[in-house]
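Going down the list, the protein sequences come from chains G and A.
Residue 498 in our numbering sits at position 273 of the first sequence; the count goes up by one each step and never skips.
Residue 302 in our numbering sits at position 77 of the second sequence; the count goes up by one each step and never skips.
To start, the structure itself, in structure tokens.
Protein chains: 2
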Amino acid sequence: MVLDLLDKMGKGNRLALSRVLSEVEADSAPGREALEKLFPSTGKAHKIGITGPPGSGKSTLVNALAKALRQLPGNPKVAIIAVDPTSPFSGGAILGDRIRMSDAIGDTGIYIRSMASRGALGGISARTEALSEVFDAAGYAFILIETVGAGQSEVEIARLAHTTIVVDIPGLGDDIQSIKAGILEIADILVVNKADRPGAQQSLNFLRNMIEMGFRTTAPRFGHHKLAGMVASEGTQITQTQGWLPPVLMTIATKADGIPQLIEEILKHAEYLRESGGWRAKEAAILRHNIESLVAIALWEAWKGRVPDEGLEEQVALVMNRQQSPREAARQLLAYNLNIKTSSSE
Amino acid sequence: MVLDLLDKMGKGNRLALSRVLSEVEADSAPGREALEKLFPSTGKAHKIGITGPPGSGKSTLVNALAKALRQLPGNPKVAIIAVDPTSPFSGGAILGDRIRMSDAIGDTGIYIRSMASRGALGGISARTEALSEVFDAAGYAFILIETVGAGQSEVEIARLAHTTIVVDIPGLGDDIQSIKAGILEIADILVVNKADRPGAQQSLNFLRNMIEMGFRTTAPRFGHHKLAGMVASEGTQITQTQGWLPPVLMTIATKADGIPQLIEEILKHAEYLRESGGWRAKEAAILRHNIESLVAIALWEAWKGRVPDEGLEEQVALVMNRQQSPREAARQLLAYNLNIKTSSSE
């Protein structure tokens, strides 16, 4: 069944693709089998991460970008993976909007897939990468990964993508400034969207100054991860594009203003990566991160599977009563890891 | 040395407190010792999480809140833990702003501590909880934990706090709507800040409708964590306040407008929790989550310490060349966990 699905998917059948994506996202047995089978066909796609604060118009920008990428020579297929916050009420509603957007685009060369963001970051990362593999194997040349960015998720997206685009808008207020500073750590390209709003030029200047300041420092610009190695999902360093000065562009996504320039910079960045050897380094970093996330998830699941509920609750009760610290409880509970097996390696 | 520091800290010495916080955040040997020693004195503080999108004026609101809480009977001490995105350039600048803010407040009963958000989510959670323990033991009755929220970090904050406040502002644009939906999952109190902006009433109505819709559903409102258990930092369910209808308030933090009402709702929520038994359930959930985060970090570190760099790179190379999948590499690498010891349990 899986082989049949993959065969149809390879021939461009969207229903088969959709089915494979669902199985992979559910981490079902057929999904796992599909991933093993299709993995050798991966490694061709250009993965582009797009992040920015709520209200920055990311979705509109991503849609405009997708349409424009389709016009490139050879009319490459474009996938959009939108990591959406999950709603407990509306649930499907967000997904529903996406589906409508997809219809609005009305181009079977563009596939939009929403993914719920609730759950482990490591888990999101692993699932996003798995969906990317499916699109990659299905012949999608560009995979746009969109997340709402603030803090963690931004860093995470930079670990999944060859090119990271950070979207900003004019006049978001004060505390955006600190975020901007953090954002420069991961951005390959910066976009000031909604550039017809007042303050756009100031935002652009601010970002350019920050970039240039950072670029001139002799200290390593990136990889200040004090906690690197603490948990798999954050365990690997982000491989930054050395020697690449991130351009700052203005766009008005609703009118597709500035999109050609953005595409140009994306292609330039890809070219730069390929010529500098950075592409291979990014690929290795993406795969390393993916492998480590999978290990962390497996370690956790194996441990979790070994700890009886009573064992955990007993420790929690001792900590509740201040008879021992959470750290001592963790040490006690780690004993369940002692005779761990490499599960599923049979 | 540690006992001396803790003694001084207990007597209200801010320098000693600051020193203990630094050691704890650095996870140094004295920091660990301090945590063990002070843990029995914890469990008294009311932990309040405050989250919201960039530009929502959270910091101003948190400062106004801190000042107002100080005026409560007995003049309780208030700690602010601000989880800031780290900047590789400005680094200390954000922290610097905070210190200035603290000076501006000019009240030694308020202690503001910034914490870098880069690094693992599980790590942030564990570090924030550790800092909370220090403040708690040092006699801070209220601990305000502030994060920039969008997606993950919101959920995380709800796992650390007794009361979670979600801050929104009028007219942030379209994709904020989907976030709002997600936010209802965790909010105990909703605040529309910058309520003098146009659209405030609409935002308020929207949020109230969402809350009431959600409240009327018979399905469990919360805990839709499909990936629960996947990784420790997200492994435990959020213990929501059952039977509590989250109020929606308007504030103008810059003018301290609406702050008394907010304080009233915070105290009401604490009272509700204590009367309903929810307080103990929250405490248990916070501690359970903390213990599980510590386990996940330890599992990961133990594994990471056992894997030689060559072993990992060999697997990455095989995946790069598409000779095996990331999942197969993870299975191979899990073998290093086989003879794991419960490190530091001596």
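In this text, a Cβ means the ideal position worked out from N, Cα and C, and glycines have one as well.
What you are looking at is a predicted structure, and each value in this text was computed from that prediction instead of being measured.
- Under the three-state reduction of DSSP, A:V359 is assigned to helix.
- Rounded to whole angstroms, the Cβ separation of G:L356 and G:V249 is 6 Å, and the two are in contact under 8 Å.
- A:K529 has its alpha-carbon roughly 50 Å from the corresponding atom of A:K480.
- Using a Cβ-Cβ cut-off of 9 Å, A:V541 counts as an interface residue toward chain G, since at least one Cβ of chain G sits closer than that to its own.
- Three or more Cβ pairs closer than 8 Å define a contact, and the segment 496-515 of chain A meets that threshold against the segment 531-543 of chain G.
- Taking the beta carbon of A:P551 as reference, the chain G residues within 7 Å of it are L512, N515, I516 and L519, listed in sequence order.
- The DSSP-derived three-state label of G:G277 is strand.
- When DSSP states are grouped into helix, strand and coil, G:L294 belongs to the helix group.
- In this structure, the alpha-carbon of A:V520 lies about 50 Å from that of G:G299.
- For G:N562, a Cβ of chain A is located within less than 9 Å of the residue's own Cβ.
- Secondary structure at G:M226: coil, using DSSP grouped into helix, strand and coil.
- Secondary structure of G:H387 (DSSP, three-state): coil.
- Burial is judged here by how many other beta carbons sit within 10 angstroms of a residue's own beta carbon; G:A259 has at least 16 and is buried.
- Taking a cut-off of 8 Å on C-beta distances, the segment 549-564 of chain G does not touch the segment 232-249 of chain A, as fewer than three cross pairs fall below it.
- The beta carbon of G:G334 sits closer than 7 Å to the beta carbons of R295, N300, K302 and V303 from its chain, once the five residues preceding and following it are set aside; these are given in chain order.
- Following the DSSP letters along the chain, one finds G:I511 inside the alpha helix (DSSP H) bounded by residues G503 to R531.
- A:K419 counts as buried, since at least 16 other C-beta atoms from the protein chains shown sit within 10 angstroms of its C-beta.
- Following the DSSP letters along the chain, one finds A:L470 in no alpha helix (DSSP H), marked with neither H nor E.
- According to DSSP, G:I305 shares a beta bridge with G:I337 and G:L369.
- For the segment 275-297 of chain G, residues whose beta-carbon sits nearer than 8 Å to a beta-carbon of chain A comprise P278, P279, G280, S281, G282, K283 and S284.
- For chain G, none of the residues of the segment 233-248 of chain A brings a beta carbon within less than 9 Å of one of its beta carbons.
- Among the CB atoms of chain G, none fall inside 9 Å of the CB of A:V473.
- Per DSSP, G:Q548 is not a residue of any alpha helix (DSSP H), being assigned neither H nor E.
- Look at A:K272 here: in three-state DSSP terms it is strand.
- Assignment of A:I477 by DSSP, reduced to helix, strand and coil, places it in the strand class.
- Taken through DSSP and simplified to helix, strand or coil, G:D482 comes out as strand.
- Taking 9 Å as the CB threshold, A:G502 stays off the interface with chain G.
- Here DSSP, grouped into helix, strand and coil, assigns G:D393 to strand.
- The three-state reading of DSSP puts G:I411 in coil, since its state is none of H, G, I, E or B.
- Any Cβ of chain G closer than 9 Å to the Cβ of A:V359 would place that residue at the interface, and such an atom is absent.
- Remark: three or more beta-carbon pairs, one from each stretch, lie closer than 8 Å, so the segment 272-292 of chain G and the segment 385-393 of chain G are flagged as touching.
- The alpha carbon of G:E553 has as its nearest neighbour, out of A:L470, A:E553, A:A523 and A:K283, the alpha carbon of A:A523.
- Just measuring C-alpha positions, the residue of G:G237, G:Q557 and G:I488 sitting nearest G:A291 is G:I488.
- G:R422 is classed as exposed because its beta carbon has fewer than 16 other beta carbons within 10 Å across all chains shown.
- A:R384 has a beta carbon lying at 9 Å or more from every beta carbon in chain G.
- For A:R505, the number of other beta carbons within 10 angstroms of its own is below 16, and it is reported as exposed.
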